[in-house]
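Trainee:
Number of protein chains: 4
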Amino acid sequence: MQHIQKIAIVGATGYGGLELLRLLHQHPQFNVTAVYNTSADNPTIDSVFPHLKGMYNLTLSSFDSRLIMQNNDAVFFATSSGVSKDLAQPFIEAKFPVIDLSGDFRLTASDYQHWYHKQPADPTLLQQAEYGLADFPTDDGINATYIANPGCYATATLLALAPLAQHDLLDPDNMIIDAKSGLSGAGKSLSTASHFINVNENFSMYKPNEHQHIPEIVQQLHKWQNSIKTIQFTTSLLPINRGIFISAYVKLTQDITPEAIHKLYTTTYANKSFIRVQALNELPNIKSVVGTNFTDIGLSYNPQTRYLTIVSVIDNMIKGAAGQAIQNLNLLAGLPDTTGLSLIAAYA
Amino acid sequence: MQHIQKIAIVGATGYGGLELLRLLHQHPQFNVTAVYNTSADNPTIDSVFPHLKGMYNLTLSSFDSRLIMQNNDAVFFATSSGVSKDLAQPFIEAKFPVIDLSGDFRLTASDYQHWYHKQPADPTLLQQAEYGLADFPTDDGINATYIANPGCYATATLLALAPLAQHDLLDPDNMIIDAKSGLSGAGKSLSTASHFINVNENFSMYKPNEHQHIPEIVQQLHKWQNSIKTIQFTTSLLPINRGIFISAYVKLTQDITPEAIHKLYTTTYANKSFIRVQALNELPNIKSVVGTNFTDIGLSYNPQTRYLTIVSVIDNMIKGAAGQAIQNLNLLAGLPDTTGLSLIAAYA
Amino acid sequence: MQHIQKIAIVGATGYGGLELLRLLHQHPQFNVTAVYNTSADNPTIDSVFPHLKGMYNLTLSSFDSRLIMQNNDAVFFATSSGVSKDLAQPFIEAKFPVIDLSGDFRLTASDYQHWYHKQPADPTLLQQAEYGLADFPTDDGINATYIANPGCYATATLLALAPLAQHDLLDPDNMIIDAKSGLSGAGKSLSTASHFINVNENFSMYKPNEHQHIPEIVQQLHKWQNSIKTIQFTTSLLPINRGIFISAYVKLTQDITPEAIHKLYTTTYANKSFIRVQALNELPNIKSVVGTNFTDIGLSYNPQTRYLTIVSVIDNMIKGAAGQAIQNLNLLAGLPDTTGLSLIAAYA
Amino acid sequence: MQHIQKIAIVGATGYGGLELLRLLHQHPQFNVTAVYNTSADNPTIDSVFPHLKGMYNLTLSSFDSRLIMQNNDAVFFATSSGVSKDLAQPFIEAKFPVIDLSGDFRLTASDYQHWYHKQPADPTLLQQAEYGLADFPTDDGINATYIANPGCYATATLLALAPLAQHDLLDPDNMIIDAKSGLSGAGKSLSTASHFINVNENFSMYKPNEHQHIPEIVQQLHKWQNSIKTIQFTTSLLPINRGIFISAYVKLTQDITPEAIHKLYTTTYANKSFIRVQALNELPNIKSVVGTNFTDIGLSYNPQTRYLTIVSVIDNMIKGAAGQAIQNLNLLAGLPDTTGLSLIAAYA
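Protein chains in written order, with full-length UniProt numbering: chain P, 1 to 348; chain L, 1 to 348; chain R, 1 to 348; chain C, 1 to 348.
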């Protein structure tokens, strides 16, 4: 276990990078000492982002893998999809700690090509990366140093279904996920879809059954419950800045009381600091987790239709990106996974 | 067919009543001449609602069934549930035209008691009321004069499913409705749930499988497709003023191509002025219908899971309340159902 | 007075043009028969804007002044600034009725150049256009057929100050306007400033004392009160779709009671259908006018500081653009100015 | 200087109290060990506020001054106005450290009675309290232990004007403050004004020249610049959760260049950790400070009108309430005032 203190961020000017800068400022051990972007000029970061004034005295530098490893103890890739797959090799070869927030190392080569419509990373590199669902750290990953941080929708969905999938309780023919996300999930780029007038006072479904987080959900569920091969998954846009709300409707393979289902959830998550299972029939809302690394989960069973409704909520920028990334680095650094992440939601 | 011109509104100070006043001001034949509320004092309506200044010169009066029928040609009940059931009798006996926006006359007595937790109307009165899904006017209702205007969620859901239910195509075990509504659906009363701080930047599910619109949905679907006895139905609150978004996930009883399903929808709705079926795989959003009496419907089929996703959107205050009520009175008055309702959504 | 019925819209795909299409659909006499844009292809308008489906059966055509005049009775220019100045000449020469929603014909050539940083229209053309503040139609403009429709901020500000300026009551050294607008005022173009994440839950001031509506405000105030040569004017962005809120703080040149000031306002606006002066000390809010052509005005006097606070609110897309444009064409066509514009705000 | 570690909060269930709980959870030295409310029952705080689950294990107790002082080192009063004036005496007499977030100890008895319409605290108690504008700690307050934490509007306004007032540069006849606040400033109580439908997509001015923060602004400005006796001050409601935006328009008593004014600001605030003066002509927006204890200030001068526009922005719940309260207790405890308050705004 190496001592990790000096942190570099590649892709520091996107939403994910800026959230890392915000959260890491509170971390008692990790200290951001270098920030990188892809453009040629090298401004100070607070000249580009005035809200960082007085908090960081850093200059954006051009990417240089050798210098990053020389001067830092770990690096976050907060880059768009298709970037880190071309940058990762020297870090993987050097076993240098990397948390990759992009989708480049989450899937098999063929799945990546199919869902991202891009050339995948080299398969030998892919094999050395580990999918890092931080609340379920894998035993065999103890030596992995390249962590593929899960997607935001995937995190919320997998934590909603894990207790059932791990016990082979999901009926693979009856799993419907209606997922909704705030706008920050769509990133910084300008598009008609992110224009205020088109989002405010609106709600729209996009990419039904085509979202690129679907394969990583299926891949992980399949590991837990072999019979799962696909999932019904739609994504919609909420007129809010942050938050993911998963409404999952599932049937079970066994006849089991709502109380027993609830018990399964509380047991599974008893020692997970960041997962809060509500009382049976109490459903969480987005505000309770925005600004935190929590996943709140609620359950409601309909005896007429035999559908179980599972609601899970996260902050897509924290638990769904930067927060889970820090949680993963905490684990890699041998720290309690809550280090620097004990955040409470704003009530008003 | 009677000539209907002078209109009274009972419950004019609630959201539904105010929306009737707004829409009827544009109607070429109907003219609001009397407004009623339940409180004792009798202010002018524009002193209570300054936005009506210059548009209506009316005084709120106390309810008097005899005077209403004497001075008007038809009446809208825009009252809360539990009110019109005690006021309806003289109107029904006189066969005086009534459009009732509340839930009091939509259900059987036992369903009403079960879902509304209130004493139902007299069953002999209930029998004389007709459930008025305005885009599917019933042949046998030609002599009914007491129209139970459908609920907002029910309208959007029934129009989403009608073409399938009417052809016995819905698999009753696989119908999941994830419904979302803007805040105006919850009405004017003050509650923690309607406080700005608790709604803004939030999203929450409420009353899962317990919303009082469920029985009217099941009742009507059952008329269309005898095998339907229940439905999986959850409701969530969107941080917007207006709009309902229905995400329906259904499996079909027959193997049928997406193109054929789409054809069924376009055929069913070919002559319905207020229903617009999008091209296959194009999904409507809320903004396209807010401010209008339209229902926009979109379809997307997932061959892996065999689930059909149906999206339908309406303005809950117009198609889901006041607009459909006017559409119903248009039909009763022998006018084209679009009279006074050819409204276009604001784009910006 | 010519009979005007067939209407063309140039720039039909911007916010202003789409709002004209929406409002004119309700007009009893004007009928949009042709729409023009600047791009080369000619799609149907409802294929580009699905919310228009079933309401307009029009194809976007390329601009052709001869055809426009041949086939129509009047034209609206809903183009960006810098466009109509190059298109206007044939219409002006033919005395063909034009309502120009852009800023191209509102100012003197030198003011235009200074504030818009563009080449102005030919001064001989400028002279033949009339600034059309619709609630104060000028006597000498009776023969003008090219109407420069006022800017949104200018409309709300001028109507807030007119009664005082017309009586030389404004102290020119103490006129502070703090103006706020919803996002639709900024138009359709994509920019960091219109990205949802940057607008939602935010408020920002922009272009302090540099907004291009300032010179048209000063120009008109100066006509009313010769001593006015400049104005303190800031503009801010509200996280809402529509609405302008003007907070004007002024000192008066005479000692006059609040009641007398209020009387001056009610007298000035007694016969203006679209201006509603609230009771003294009652201040209007944006919701009361959104969706309407109204200007609501409120007054509050502070005897300690001797500042009069004037609040005026409009819907920037209606009274501030398309609505006033129709009001102006109503006047040109000899119709009551309220024709097709008797709209009530949505309460919920 | 006493060692302060154990903290009690009286009024822990209001917005201010909940924000204290949220922020103090991050504080390295202060530790909330007791929470009080006024109701009779004693639930655990996380049963009432699920978002606190896992973060605080506290039971709400009934107020008892003796027990509070016995078991804690300092107390925050986060009570509504009119409460702490009746609770303060034993704490003041014992010189027990109190930070009072309410308005009860900010004003003279007569001002309090006039603006709050309530009986004031005992004048001998009032004299022992100190107005705690935390960025300008007073020398003579070194022994004060009862700190009246400033109001939110007052904080943002005073920091906007301090550099000018301290140099007698404000023209007392030309100071116009147009202040806007998000909804959390209005607190938790249910009212028509806080119903989502009435706030969302709206903007309204309230209490023009009557807000209860006006007298504390004037009182403090008067201390800095003797000639100031009143101020023109209006308050408006923004449709957002958090944030205050002050637009101040002032004339100066001397002819001074914009650059020199800007210099005055940067000099005054050079060593204040929480005040960030933007470059001349750059104006801050609300998002840059929400979630932080910062005050961002921008300046823009209009040579035509000779008005200086000053913009200042704060998070009303942090700098305007709980954050400044902690800053004040840091000072009282001899800690750097930034302790536990080095927070960065969320960018997305």
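Even glycine gets a Cβ: it sits at the ideal position worked out from N, Cα and C.
Could you please tell me which residues of the region 54-82 of chain P, in chain order, have their CB closer than 9 Å to any CB of chain C?
Mentor: Those would be Gly54, Met55, Tyr56, in chain order.
Trainee: If I measure Cβ to Cβ from P/Asn281 and keep anything under 6 Å in the same chain, skipping five residues before and after, which residues do I get?
Mentor: In the first sequence, the residue the question calls residue 281 of chain P occupies position 281. So the list reads Ser300, once near-sequence residues are dropped.
Trainee: Which residue's Cα is closest to the Cα of P/Leu18: P/Ile228, P/Asn330, P/Lys223, P/Asn37?
Mentor: Numbered from 1 along the first sequence, position 18 holds the residue referred to as residue 18 of chain P. Nearest of P/Ile228, P/Asn330, P/Lys223, P/Asn37 to P/Leu18, Cα basis: P/Asn37.
Trainee: Would you mind listing the beta strand (DSSP E) stretches within the region 113-138 of chain C that are 3+ residues and don't spill past its ends, in chain order?
Mentor: Runs of the beta strand (DSSP E) inside the region 113-138 of chain C: 129-131.
Trainee: When you compare the CB positions of L/Leu126 and L/Thr108, do they come within less than 8 Å of one another, or not?
Mentor: Within the second sequence, numbered from 1, the residue matching residue 126 of chain L stands at position 126. Within the second sequence, numbered from 1, the residue matching residue 108 of chain L stands at position 108. Yes, these two residues count as a Cβ contact at 8 Å.
Trainee: Would you kindly report the start and end of the unbroken alpha helix (DSSP H) that includes R/Arg66?
Mentor: Within the third sequence, the letter at position 66 stands for residue 66 of chain R. R/Arg66 -> alpha helix (DSSP H) spans 65-71.
Trainee: Let me make sure I understand the geometry here. Which of L/Leu20, L/Asp41, L/Ser39 has the alpha-carbon closest to that of L/Val32?
Mentor: For the purposes of this step, residue 32 of chain L is taken as the residue at position 32 of the second sequence. It is L/Leu20.
Trainee: Could you work out which residues of chain P lie near L/Ile240, taking near to mean beta carbons separated by less than 9 Å?
Mentor: As a position in the second sequence, residue 240 of chain L is number 240, starting the count at 1. Those within 9 Å of L/Ile240 in chain P are Asn200, Glu201, Asn202, Phe203, Pro239.
Trainee: In terms of alpha-carbon separation, which member of L/Gly151, L/Ala162, L/Ile68, L/Tyr249 lies closest to L/Thr305?
Mentor: Reading the second sequence from its first residue, position 305 is the one you call residue 305 of chain L. For L/Thr305, the nearest C-alpha among the options comes from L/Tyr249.
Trainee: Within 8 Å of any Cβ in chain L, is that where the Cβ of R/Phe196 sits?
Mentor: The residue you call residue 196 of chain R lines up with position 196 of the third sequence. Taking Cβ atoms only, chain L never reaches closer than 8 Å to R/Phe196, which makes this a no.
Trainee: Return yes when the Cβ of C/Gly82 is within less than 8 Å of the Cβ of C/Lys53, no when it is not.
Mentor: In the fourth sequence, the residue the question calls residue 53 of chain C occupies position 53. In the fourth sequence, the residue the question calls residue 82 of chain C occupies position 82. Not in contact: C/Lys53 and C/Gly82 (Cβ atoms no closer than 8 Å).
Trainee: What residue ranges within the region 206-276 of chain C form continuous beta strand (DSSP E) runs of no fewer than 3 residues, ordered along the chain?
Mentor: Within the region 206-276 of chain C, the complete beta strand (DSSP E) runs of at least 3 residues are 232-237, 244-252.
Trainee: Answer yes if the region 156-168 of chain R comes into contact with the region 184-204 of chain R, meaning at least three C-beta pairs across the two stretches below 8 Å, and no otherwise.
Mentor: The region 184-204 of chain R vs the region 156-168 of chain R: no contact.
Trainee: For a cutoff of 8 Å on Cβ pairs, would you count C/Leu161 as touching chain L?
Mentor: For the purposes of this step, residue 161 of chain C is identified with residue 161 of the fourth sequence, where counting begins at 1. It does not; no Cβ of chain L falls within 8 Å.
Trainee: Out of curiosity, what's the CA-to-CA distance linking C/Arg106 and C/Gln113?
Mentor: Against the fourth sequence, residue 106 of chain C aligns to sequence position 106. Against the fourth sequence, residue 113 of chain C aligns to sequence position 113. The alpha-carbon atoms of C/Arg106 and C/Gln113 are separated by roughly 12 Å.
Trainee: So R/Val313 is in the alpha helix (DSSP H); what residue range does that whole segment cover?
Mentor: Along the third sequence, read from residue 1 onward, the residue named residue 313 of chain R stands at position 313. Element bounds for R/Val313: not the alpha helix (DSSP H) but the beta strand (DSSP E), 307-314.
Trainee: In three-state terms, what does DSSP make of C/Gly298?
Mentor: Translated into positions along the fourth sequence, residue 298 of chain C becomes position 298. In this structure, C/Gly298 counts as strand in the three-state DSSP scheme.
Trainee: Going by DSSP, what residue range makes up the beta strand (DSSP E) through R/Asn37?
Mentor: In the third sequence, residue 37 of chain R corresponds to position 37, counting from 1. Note, R/Asn37: beta strand (DSSP E), 31-37.
Trainee: Return the chain-ordered list of same chain residues with a C-beta closer than 8 Å to the C-beta of L/Asp171, the five sequence neighbours on each side being excluded.
Mentor: For the purposes of this step, residue 171 of chain L is taken as residue 171 along the second sequence, with counting starting at 1. Cβ neighbours of L/Asp171 beyond the five flanking positions: Val250, Lys251, Leu252, Thr253.
Trainee: Taking L/Pro336 as the query, report the chain R residues whose CB atoms sit under 7 Å from its CB, ordered along the chain.
Mentor: Locating residue 336 of chain L in the second sequence gives position 336, counting from the first residue. The premise fails here: L/Pro336 is roughly 14 Å from chain R at the closest Cβ pair, so nothing lies under 7 Å.
Trainee: Nearest to L/Thr292 by CA position, among L/Ser273, L/Gln70, L/Gln220, is which residue?
Mentor: Position 292 of the second sequence, counted from the start, is the residue given in the question as residue 292 of chain L. When each option's Cα is compared against that of L/Thr292, the closest is L/Ser273.
Trainee: Listed in chain order, which residues of the region 11-42 of chain L have Cβ atoms closer than 8 Å to some Cβ of chain R?
Mentor: Listed by position along the chain: Tyr15, Leu18, Glu19, Leu21, Arg22, His25, Gln26.
Trainee: Please list, in chain order, all residues of the same chain as R/Gln89 whose beta carbon is under 7 Å from its beta carbon, the five residues on each side excluded.
Mentor: Position 89 of the third sequence, counted from the first residue, corresponds to residue 89 of chain R. Answer for R/Gln89: Leu125, listed in chain order.
Trainee: Pick from P/Tyr56, P/Asn72, P/Leu24, P/Ala78: whose alpha carbon is nearest that of P/Gly11?
Mentor: Looking up residue 11 of chain P in the first sequence gives position 11. Ranking the options by Cα distance to P/Gly11, first place goes to P/Ala78.
Trainee: Between the region 214-229 of chain C and the region 163-178 of chain C, can you find at least three pairs of beta-carbon atoms closer than 8 Å?
Mentor: Touching, yes, given that three or more Cβ pairs across the two stretches are closer than 8 Å.
Trainee: Tell me the residue span of the beta strand (DSSP E) that contains P/Tyr146.
Mentor: Your numbering for residue 146 of chain P matches position 146 in the first sequence. 146-148 is the extent of the beta strand (DSSP E) around P/Tyr146.
Trainee: Would you say R/Gly185 reaches chain C, if we count a Cβ-Cβ gap shorter than 8 Å as a contact?
Mentor: Position 185 of the third sequence, counted from the start, is the residue given in the question as residue 185 of chain R. Chain C contact via Cβ: absent.
Trainee: Could you say which of R/Ile7, R/Ile4, R/Arg22 lies nearest to L/Ala345 if we only look at CA atoms?
Mentor: Within the second sequence, numbered from 1, the residue matching residue 345 of chain L stands at position 345. Cα-wise, what sits closest to L/Ala345 is R/Arg22.
Trainee: Here's the rule: buried if 16 or more other CB atoms are within 10 angstroms of the residue's CB, otherwise exposed. What is C/Gly334?
Mentor: Along the fourth sequence, one-based indexing puts residue 334 of chain C at 334. Answer is exposed; the Cβ neighbour count stays below 16.
Trainee: Evaluate the contact criterion for the region 254-267 of chain R versus the region 199-206 of chain R: three or more CB pairs, one atom per stretch, below 8 Å.
Mentor: These segments do not touch.
Trainee: If you measure between the beta carbons of C/Phe245 and C/Ile286, is that distance less than 8 Å?
Mentor: Position 245 of the fourth sequence holds residue 245 of chain C. Position 286 of the fourth sequence holds residue 286 of chain C. Yes, the Cβ-Cβ distance between C/Phe245 and C/Ile286 is below 8 Å.
Trainee: Could you list which residues in chain L have their beta carbon closer than 7 Å to that of R/Ile45, in chain order?
Mentor: As a working mapping, residue 45 of chain R is identified with position 45 in the third sequence. The contacting residues do not exist; R/Ile45 stays about 11 Å from chain L at best.
Trainee: Among L/Gly243, L/Asp100, L/Leu341, which has the Cα closest to the Cα of L/Ser84?
Mentor: For this step, residue 84 of chain L is matched to residue 84 along the second sequence. The shortest C-alpha separation from L/Ser84 is found at L/Asp100.
Trainee: Taking C-beta pairs closer than 9 Å, name the residues in chain R that L/Arg276 reaches, listed in chain order.
Mentor: In the second sequence, residue 276 of chain L corresponds to position 276, counting from 1. Near L/Arg276 (Cβ distances below 9 Å), the residues of chain R are Pro50, Lys53, Gly54.
Trainee: Spatial neighbours of L/Ile275 within its chain, please: C-beta separation below 7 Å, excluding the five flanking residues on both sides.
Mentor: Start at 1 with the first residue of the second sequence, and residue 275 of chain L comes out as number 275. So the list reads Asp135, Leu159, Tyr269, Thr295, Ile297, once near-sequence residues are dropped.
Trainee: Check each candidate in P/Ser110, P/Asp122, P/Tyr116, P/Asp104 and name the one with the smallest Cα separation from P/Glu93.
Mentor: Working through the first sequence from its first residue, we reach residue 93 of chain P at position 93. With distances taken between Cα atoms, P/Glu93 lies closest to P/Asp122.
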